[in-house]
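Engineer: Supplied in structure tokens, the structure appears directly below.
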Amino acid sequence: MCGIVAYIGPREAYPVILKGLKRLEYRGYDSAGVALLNSGLKVFKKKGKVAELEENTIGKDLHAHIGIGHTRWATHGEPNDRNAHPHSSNSGKLAMIHNGIIENYAQLKQELVRKGYHFKSDTDTEVLLNFIEDIKINNKCPLEEAVRIALKRIVGAYVIVLIDQDNPDTLIAARKGSPLVIGIGKNEHFLASDASPIIEYTKEVVYVNDYEIAIIKADELILKNLGNERQTPFITKLDMELAAIEKGGYDHFMLKEIFEQPTTIYDCLRGRLDAENGTITMSGIQKYADQIVNAHRIVMVACGTSWHAGLVAEYIFEELCRINVEVEYASEFRYRNPVINKGDVIIAISQSGETADTLVAIENAKSKGAIILGVVNVVGSSIARVSNAGAYTHAGPEIGVASTKAFTAQLAVLTMIALKIGYEKGTLPHDRYMQLARELEAIPEKVTALLQQHEHIKQLAEKYRDARDFLYLGRGYNFPVALEGALKLKEISYIHAEGYPAAEMKHGPIALVDETLPVVFIATKDSYHEKVISNMQEIKARKGKVIAVINEGDEQSIKLADDVIIVPEADEILLPMLSVIPLQLLAYYIGVSKELDVDKPRNLAKSVTVE
Ligand code: F6R
7 MCGIVAYIGP
17 REAYPVILKG
27 LKRLEYRGYD
37 SAGVALLNSG
47 LKVFKKKGKV
57 AELEENTIGK
67 DLHAHIGIGH
77 TRWATHGEPN
87 DRNAHPHSSN
97 SGKLAMIHNG
107 IIENYAQLKQ
117 ELVRKGYHFK
127 SDTDTEVLLN
137 FIEDIKINNK
147 CPLEEAVRIA
157 LKRIVGAYVI
167 VLIDQDNPDT
177 LIAARKGSPL
187 VIGIGKNEHF
197 LASDASPIIE
207 YTKEVVYVND
217 YEIAIIKADE
227 LILKNLGNER
237 QTPFITKLDM
247 ELAAIEKGGY
257 DHFMLKEIFE
267 QPTTIYDCLR
277 GRLDAENGTI
287 TMSGIQKYAD
297 QIVNAHRIVM
307 VACGTSWHAG
317 LVAEYIFEEL
327 CRINVEVEYA
337 SEFRYRNPVI
347 NKGDVIIAIS
357 QSGETADTLV
367 AIENAKSKGA
377 IILGVVNVVG
387 SSIARVSNAG
397 AYTHAGPEIG
407 VASTKAFTAQ
417 LAVLTMIALK
427 IGYEKGTLPH
437 DRYMQLAREL
447 EAIPEKVTAL
457 LQQHEHIKQL
467 AEKYRDARDF
477 LYLGRGYNFP
487 VALEGALKLK
497 EISYIHAEGY
507 PAAEMKHGPI
517 ALVDETLPVV
527 FIATKDSYHE
537 KVISNMQEIK
547 ARKGKVIAVI
557 NEGDEQSIKL
567 ADDVIIVPEA
577 DEILLPMLSV
587 IPLQLLAYYI
597 GVSKELDVDK
607 PRNLAKSVTV
617 E
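For the sequence shown, the working numbering gives the first residue as 7, with consecutive numbering after it.
Okay, here's the thing in structure tokens:
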């Protein structure tokens, strides 16, 4: 949610920042802007995507060796040029970019207005910037000191980066709650919301911690806490290749990421699952295995697609481990004063590892004695760092705003944890454990086979693209897949879609059914299959159009359905990793056929770092 980039060093700052903003555009694309310091401060900003900013700067003097840039997902103030970042202070000497929300900005604004400050935008960012400027002027102190004083009064989440015309060889940055990575080059530094703008220049990075202020010159990085004490920067080596963040010949990142799933699931299992010998090695989890085996309760906390992965995992854990599992929307869990007992296990599921609600939910639970396990994709992210232990999903950077490969990788990790715990606890018999381990190992190959149907799914997309609404129905392990299919379609194609447990349809949604309504049934061969067929009949009796996701040879469904998509057979516990894939493709192809920007759907952002 909002991407920030900054550079200081011998290179031209603008091209570095512009390229970085393009890489971070998935975090928000309401507006983009840069501020450059040369002989004076120059700010260029524009509503819309980074390409609009680029076009707007053609022919301008962009020469500078220090600069900051921002791509915005609007919180305070509508998306327009005025509200775009960077903002400049009343004196015109300071410029700042910000990712996050300043909750007490209204009160600060009143104080500043009384002092004669004026505001050009409706943003909380401009308020914080002028608050810093006011402190700097009144205390006659360096910018770094003014930032420190200001942040002590700030309620909210932020990454901020400032440049100062009076001190043109220094960037000042600070973080609380939103991500900030600093790349260490040779006499140069790169700042960004994640490592993707940095990877091309250096693999050495520092993840700034909450409540730290960074004072950055071309050849020096100083970190201090809010008490003005020096902190030792901890340098991490990035384990990421440039190819992972490029489209690699695909039309869209979303398509690339859907097609990467055989590899990402394989990468996730690799080195952990040894089906032949029946071992699952997960060092982070092993450390807490006894506590999980003895836990009375596991709570999965997540948002969106990751929440759907939690729902699938609920069924799997209850079945294999006989532990009571609850799945919570992080945004509800964090505010509800939930009962948390010492020894409860909380599993936080997150692709980005930065989702604000999930992060705060686990911080709260941790302070009450819960054990936090993170199932996270982005290495070194905030949720990964707050967690006591966990397992990375190793899906590689997910850039398409709609989550695809992260979901199947989350399912793979959660299944491995459930297998391990169920087996250690004795609730999962040896034979079944071995069978599931073998079947899990075979999933990447089945995904490869399934993806070969992409042309057929593309044709279905053409056929159904003009529907106004869609219903997705599934039962058991496939109920969360129905929710996920509906979510994908909504976000990518802007078609209204709802997911329901198939039997629940009779309690209301069936009123929507007529000959114009496509109903996607996830009707693979599992313990609910006969029941789902009955639900399919109920839809057909009301002239609904049925698209059925089924296994080979399911004659009953083939007779009933208008269209079918065949997925390979698997144990029902593992089926969601397969049945979700045609739904991802269906959403993708419908979005493309409507000429929508599937990688950057309207109003969305990839990493939701505001609550
Ligand atoms: C949907 C989607 C979102 C995310 C949600 C949680 O396609 O991408 O619903 O799943 O914002 O994000 P993470 O997993 O990063 O915590």
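In this text, a Cβ means the ideal position worked out from N, Cα and C, and glycines have one as well.
Does the Cβ of Ser202 lie closer than 8 Å to at least one heavy atom of the ligand F6R?
Structural biologist: no
Engineer: Using only CA atoms, which one of Arg29, Lys55, Tyr506 lies nearest to Gly39?
Structural biologist: Lys55
Engineer: Just checking Gln465 against the ligand F6R - is the residue's beta carbon closer than 8 Å to any of the ligand's heavy atoms?
Structural biologist: Not so, every heavy atom of the ligand F6R lies at least 8 Å from the Cβ.
Engineer: CB Tyr594 to CB His258, shorter than 9 Å?
Structural biologist: yes
Engineer: Kindly identify the DSSP beta-bridge partner or partners of Phe196.
Structural biologist: Tyr13, Gly189
Engineer: Distance check for Cys274 and Ala401, CA to CA, integer angstroms please.
Structural biologist: 7 Å
Engineer: Going by DSSP, name the residue or residues bridged to Thr242.
Structural biologist: Assignment of beta-bridge partners to Thr242 by DSSP yields Val211.
Engineer: What do you get for Pro644, buried or exposed, if any count of 16 or more other CB atoms within 10 angstroms of its CB means buried?
Structural biologist: Nothing about residue 644 can be read from this structure; the chain reaches only from 7 to 617.
Engineer: What are the boundary residues of the alpha helix (DSSP H) that includes Phe265?
Structural biologist: 259–265
Engineer: How about Lys606: is its Cβ closer than 8 Å to a heavy atom in the ligand F6R?
Structural biologist: no
Engineer: Would Val214 pass as a contact of Val187 if the rule is Cβ separation under 9 Å?
Structural biologist: In contact: Val214 and Val187 (Cβ atoms closer than 9 Å).
Engineer: Between Leu493 and Gly75, what straight-line distance do the alpha-carbon atoms span, to the nearest angstrom?
Structural biologist: Their backbone Cα atoms lie some 32 Å apart in a straight line.
Engineer: When you compare only the Cα positions, how much space is there between Asp280 and Ile286?
Structural biologist: 6 Å
Engineer: Please report the distance separating the alpha-carbon of Leu523 from that of Leu68.
Structural biologist: 54 Å
Engineer: What did DSSP end up calling Gly380 once you bin it into helix, strand or coil?
Structural biologist: strand
Engineer: When the Cα of Glu430 is compared with those of Gln543, Val598, His513, Phe323, which residue comes out closest?
Structural biologist: Checked all of Gln543, Val598, His513, Phe323; the closest Cα to Glu430 is Phe323.
Engineer: Any idea what DSSP makes of Val645, helix, strand or coil?
Structural biologist: Since the first residue of the chain shown is 7 and the last is 617, residue 645 is not available in this structure.
Engineer: Starting from Ser127 and walking both ways along the alpha helix (DSSP H), at which residues does that stretch end?
Structural biologist: From DSSP, Ser127 is part of no alpha helix (DSSP H); its letter is neither H nor E.
Engineer: Tyr500 by DSSP, collapsed to three states: which one?
Structural biologist: coil
Engineer: According to DSSP, Asn557 sits in a beta bridge with which residue or residues?
Structural biologist: Val573
Engineer: Could you tell me the alpha carbon to alpha carbon distance between Val487 and Val381, rounded to whole angstroms?
Structural biologist: 19 Å
Engineer: Check for me: the beta strand (DSSP E) holding Thr77 runs from which residue to which?
Structural biologist: 72–78
Engineer: Can you find a heavy atom of the ligand F6R that lies under 8 Å from the Cβ of Gly359?
Structural biologist: yes
Engineer: How about Leu589: is its Cβ closer than 8 Å to a heavy atom in the ligand F6R?
Structural biologist: No, the ligand F6R has no heavy atom inside 8 Å of this Cβ.
Engineer: Secondary structure at Leu118, three-state DSSP: helix, strand or coil?
Structural biologist: helix
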